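Visitor:
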């Protein structure tokens, strides 16, 4: 049955256009997760979830308990340390508290740059020319772990983390209702919160397909 379903998906969507990596951890946003899984394959892209696996072969992560219980779980087997950004069409950073958890560093020292494995991956991604990164809601927290990656960048985000981004040197964009819905600045695409997930996906796909 699995083989049949796989072949039917290939027939429906055609040959994959490439892979989109999604950085994830516990307490990820459920709306974004569901729309990523629905819309990216429908547009012809494989979706691969990536995390710091702490030397495990795989780990299971759960969504925010938005309705009082954790509705979504997934098993991740791709470790951030094994990712070659050049092999991906682009990357998405999922919202909620996942990227706060991803920037955890085991042994911080005064003056030492954040060495969390996911932050190290983000540095490699940003150093790879033409690789698009889509962020939404709280997910720019991962960029705040290294201000060199975000300083001077035009972005939007959830109102909760405006202070974090401005303290890191980002140029947060405002409109009539606080931060605006979405922003493109070079290879970085940012969106305000889960209500803008479809807009983020639309822009993200447009940007990677014209690159």
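Residue numbers (my numbering): 99 to 309. Every residue, glycine too, gets a C-beta built ideally from N, C-alpha and C. The model shown is predicted, which means the values in this text are computed figures rather than measured ones.
1) Could you give the DSSP three-state label for residue 264: helix, strand or coil?
2) Buried or exposed: residue 143, going by 16 or more other Cβ atoms within 10 Å of its Cβ?
3) Taking the alpha-carbon positions, what's the residue 288 to residue 250 distance?
4) Measure the beta-carbon distance from residue 178 to residue 219 and round it to whole angstroms, keeping in mind my assumption that it falls under 8 Å.
5) Could you please give me the residues that DSSP links to residue 125 through a beta bridge?
6) How many angstroms separate the CA atom of residue 212 from the CA atom of residue 120?
7) Distance, Cα to Cα, residue 140 vs residue 208?
8) I'd like to check one pair, residue 195 with residue 125: are the Cβ atoms closer than 8 Å?
9) Excluding the 5 residues flanking residue 306 on each side, which residues of the same chain have their C-beta closer than 6 Å to its C-beta?
10) Which runs of the beta strand (DSSP E) at least 3 residues long sit entirely within the segment 156-211? Give them in chain order.
11) Quick check: the Cα distance between residue 201 and residue 237, rounded to an integer number of angstroms?
12) Given that a residue counts as buried once 16 or more other Cβ atoms are within 10 Å of its Cβ, and exposed if not, what is residue 204?
13) Thinking C-beta only, is residue 263 closer than 8 Å to residue 253?
14) In whole angstroms, what separates the C-alpha of residue 279 from that of residue 210?
15) Quick one: give me the first and last residue of the beta strand (DSSP E) that residue 145 is part of.
16) Determine the contact status of residue 159 and residue 122, defining contact as a CB-CB distance below 8 Å.
17) Hey, residue 248 and residue 242 are a contact pair by Cβ (cut 8 Å); roughly how many whole angstroms apart?
18) Would residue 147 and residue 128 be called neighbours here (beta carbons separated by less than 8 Å)?
19) Could you tell me the distance, in whole angstroms, from the CA atom of residue 272 to the CA atom of residue 260?
20) Within the continuous alpha helix (DSSP H) that includes residue 220, where are the two ends?
21) For residue 277, which residues of its own chain have a beta-carbon under 8 Å away from its beta-carbon, when the five flanking residues on both sides are left out?
22) Could you give the residue range of the alpha helix (DSSP H) that holds residue 300?
Guide: By the coordinates alone:
1) helix
2) Buried, because 16 or more other Cβ atoms sit within 10 Å of the Cβ of residue 143.
3) 14 Å
4) 4 Å
5) According to DSSP, residue 125 bridges with nothing at all.
6) The alpha-carbon atoms of residue 212 and residue 120 are separated by roughly 21 Å.
7) 46 Å
8) The answer is yes: Cβ separation under 8 Å.
9) Once the five neighbours on either side are set aside, the close Cβ partners of residue 306 are 187, 188, 230.
10) 157-160, 171-174, 188-191
11) Just so you know, the alpha carbons of residue 201 and residue 237 end up roughly 11 Å apart.
12) exposed
13) In this structure, residue 263 lies closer than 8 Å to residue 253 by Cβ.
14) 34 Å
15) Per DSSP, the continuous beta strand (DSSP E) segment holding residue 145 begins and ends at 143-149.
16) yes
17) 7 Å
18) no
19) 10 Å
20) 215-224
21) 254, 255, 256, 257, 260, 270, 271, 290
22) 295-308
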